Amino acid sequence: MNAPYPIPQPDTAAILNALAALYPPDAVIELRSFAKGRKRTDSGYFDGEHRQALAEHAALLNRTGATVYVTLNPIDPQLLSRYANRIESGAAATTTDGQVTGRRWLLLDFDPTRPTDTSATDAQLEGAKAAARACWQALQAECWPDPLAAESGNGFHLLYALDLPNESYCSGEYECMLQKLQEVEILPPDRRPID
Numbered sequence: 405m406n407a408p409y410p411i412p413q414p415d416t417a418a419i420l421n422a423l424a425a426l427y428p429p430d431a432v433i434e435l436r437s438f439a440k441g442r443k444r445t446d447s448g449y450f451d452g453e454h455r456q457a458l459a460e461h462a463a464l465l466n467r468t469g470a471t472v473y474v475t476l477n478p479i480d481p482q483l484l485s486r487y488a489n490r491i492e493s494g495a496a497a498t499t500t501d502g503q504v505t506g507r508r509w510l511l512l513d514f515d516p517t518r519p520t521d522t523s524a525t526d527a528q529l530e531g532a533k534a535a536a537r538a539c540w541q542a543l544q545a546e547c548w549p550d551p552l553a554a555e556s557g558n559g560f561h562l563l564y565a566l567d568l569p570n571e572s573y574c575s576g577e578y579e580c581m582l583q584k585l586q587e588v589e590i591l592p593p594d595r596r597p598i599d
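Now the structure itself:
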């Protein structure tokens, strides 16, 4: 069978390109990982001089079947001292909401509805892609800028650039914006899986 969505293989060059698009060169970034069936989170903090190490750790963890991601918004750089430029298995602490210093990205996550612990089928990925494309076009018609777009493994992400402080009033506006996007009638009800 010729699947249009082959299983992605970790690629450190692609990871480095994504990091360059998402973060300023001097940002401290938290990398998190959790393996299927384990109730622990592995975490590490990486500064700008160690992006290569971050990418290599991400690729290595992904090859083990773990879910791997980075926190999107800027964080307190002092957190680097927790697990500086390395991964801590079963990390005792990870970044909390209060340690986020601003909101740089609005993430729209289009995941198909599917049974727990299953991967999206090619048809479900196509549906998620169509939903993301329809949302992108509708927001573009409302004069929104173009987002960064990416396949997320089981769906698609649209990332819109922001420049907001991490204050409670902004959190309310942020949540309100997500709720309004959920209510937008541009997508049929079964194609509105925005997180």
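Throughout the sequence shown, residue numbering follows my numbering, covering 405 to 599 in sequence. A virtual CB, placed ideally from N, CA and C, is assigned to each residue, including glycine. Just so we're clear, the structure is a prediction, and the values are computed from it rather than from any experiment.
Anticipated Cβ contact below 8 Å, residue i with residue j, distance rounded
i    : j    : result
C539 : L562 : 7 Å
A532 : D515 : 6 Å
L529 : Q503 : At roughly 34 Å, the Cβ-Cβ gap does not stay under 8 Å, so L529 and Q503 are not in contact.
Residue j beta carbon less than 8 Å from that of residue i
i    : j    : result
P429 : G452 : yes
A488 : I419 : no
T471 : S523 : no
G506 : P478 : yes
L476 : L426 : yes
L512 : L585 : yes
W509 : L423 : no
DSSP beta-bridge partners of residue i
i    : result
A535 : According to DSSP, A535 bridges with nothing at all.
W548 : Beta-bridge pairing links W548 to no other residue.
Local Cβ density within 10 Å of residue i, reported as buried at 16 or more and exposed below that
i    : result
E434 : buried
P592 : Unreliable placement is indicated for P592, whose pLDDT of 47 sits below 50; the coordinate value is still reported in the next sentence. Exposed is the call here.
T499 : buried
A559 : The sequence given here has Gly at residue 559, not Ala. It counts as buried.
P519 : exposed
D501 : exposed
A535 : buried
D599 : Low per-residue confidence applies at D599: pLDDT is 49, beneath 50, and the placement is therefore not dependable enough to give any value.
D446 : buried
Any chain B beta carbon closer than 8 Å to residue i
i    : result
A532 : Checking the listed chains, one finds no chain B in this structure; it contains a single protein chain.
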